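Residue numbers (the numbering used here), protein chains in the order written: chain A, 7 to 182; chain B, -5 to 127.
For each residue, glycine too, the CB sits at the ideal point set by N, CA and C.
These numbers were taken from a predicted model, which means no experiment stands behind them.
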Amino acid sequence: MDYTNLRRQIISMKKSLFDQGYLDEQFNQLEELQDDSSPNFVDEVVALFFKDSSRLLTNIEQALEKYPQDFYRLDSLVYQFKGSGSSIGALRMKNECSMFKAHCNDRDLEGYRTLDDSSSIPASHSLLEQLHLIPWLTQMPPVTPEDKEGACHSEAEAGDIFSCKHKHQIKGPVST
Amino acid sequence: MAGAAAERKVIRVLLVEDEEIHRVLARALLRSAVGGVELDEAGTGAEAVRRVRDGGAGAYDLIITDGKMPVMDGHEATRQIRAMGVTTPIVGLSSDTLPPDVDTFIKAGADDFTPKPLSKEKLVRILAKFNLA
């Protein structure tokens, strides 16, 4: 397997998430907390986020379908979503949640973009699924001189490995 | 109280948080930032009040509490803990960070507030503020 290219693409993908404002410094904190005693810490926290977010997105969608809308419940659900996302450094998603909460407080969701909008909470959440690839970086063979040349691939190329992962149903890193 | 904790070199912390992801993060941060820590966790404000009541006034050196939780939120838990005469430093930790949100915690009796997510820098600041580092 071409680990050099794989590593480079995952690094590029990660950089892209930071450059586009989807991730912030908090994600680096997670990586700093990963050590020999917690070798899968990042994977564990990211998995918890997606476990929470899957449930919360469903609950938010169900709450939005009700009329009259229960703004207290919506606010509570988005509060949880915002907190969970902030734990992994999901900056853009956190900001989307803040805007949504502000509209809940005003009892007016008409001014907020619909859940189908590309800049909405679900869209930001969907981009973050690339984070499942990050733990692969710690499972690969040591860095080679080629890796140290840096990643300069396009976002589309970085996305290729993600599509490949799902296409071939490659299992994630082995837990130790 | 803080002096005794420094001598003991083991910090007793009560984390009041209902969501697993925040507990996992806080455990890792406390482990990395503090030389020795005994961590208790409560999933609701009611459980936190019970732990403090059962443990006595000196049970903990620091209490970090979320705001919104089921059964009893962190603001009410803070009020009840203060009503018991407990002076342990209490820090509110919440995603709601507007001035009225912070004010609610302080008026309930919290000594400080920090927005989620908890980070190494925020934890170091809290520990230093209450002389627990």
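Query: Assumed close pair residue 68 of chain B, residue 39 of chain B - CB separation to whole angstroms, cut-off 8 Å; Result: 6 Å
Query: Contacts around residue 90 of chain B, its chain only, beta-carbon distance under 8 Å, and the 5 residues preceding and following it disregarded; Result: 61, 62
Query: Within 8 Å, strictly: CB atoms of residue 55 of chain B and residue 85 of chain B; Result: no
Query: Distance cut-off 7 Å: residue 19 of chain A Cβ against heavy atoms of the ligand GDP; Result: Absence of the ligand GDP is noted for the structure shown, with no ligands found whatsoever.
Query: Any C-beta of chain B under 8 Å from that of residue 93 of chain A; Result: yes
Query: Burial state of residue 36 of chain B (16 or more Cβ within 10 Å); Result: buried
Query: Continuous beta strand (DSSP E) assignments of at least 3 residues falling wholly in the segment 48 to 77 of chain B; Result: 56 to 60
Query: Opening and closing residue of the alpha helix (DSSP H) in which residue 92 of chain B lies; Result: Here residue 92 of chain B belongs to no alpha helix (DSSP H), and DSSP marks it neither H nor E.
Query: Residues, ordered as in the chain, of the segment 61 to 78 of chain A that lie near chain B by beta-carbon distance below 8 Å; Result: none
Query: Reduced DSSP category for residue 13 of chain B - H, G, I as helix; E, B as strand; rest coil; Result: coil
Query: 8 Å Cβ cutoff met for residue 137 of chain B and residue 35 of chain A; Result: Nothing can be reported for residue 137 of chain B, as the shown portion of chain B is limited to -5 through 127.
Query: Under 9 Å by beta carbon: chain A residues contacting residue 10 of chain B; Result: Here the premise fails: no neighbours, minimum Cβ distance about 14 Å.
Query: Identity of the residue in B:66, B:22, B:74 nearest residue 112 of chain B by Cα; Result: B:22
Query: Cβ-based neighbour list, residue 159 of chain A, same chain, cut-off 7 Å, excluding 5 preceding and 5 following; Result: Caution is warranted here: a pLDDT of 40 is assigned to residue 159 of chain A, below 50, making its placement in the model unreliable, and no coordinate value can be reported.
Query: Contact set between residue 89 of chain A and chain B, taken where Cβ atoms lie within less than 7 Å; Result: 13, 16, 89, 110
Query: Min CB distance residue 54 of chain A to chain B below 8 Å; Result: yes
Query: Neighbourhood of residue 76 of chain B by C-beta, 6 Å cutoff - its chain only, sequence neighbours within 5 removed; Result: 103
Query: CB of residue 78 of chain A within 8 Å of CB of residue 107 of chain A, strictly; Result: no
Query: Same chain only: Cβ atoms within 6 Å of residue 113 of chain A, ignoring 5 sequence neighbours per side; Result: 77
Query: At least 3 beta-carbon pairs within less than 8 Å: the segment 94 to 110 of chain A vs the segment 42 to 58 of chain B; Result: no
Query: Contact belief for residue 90 of chain A with residue 60 of chain A at Cβ below 8 Å, rounded distance in angstroms; Result: Wrong, their Cβ atoms sit about 11 Å apart, outside the cutoff.
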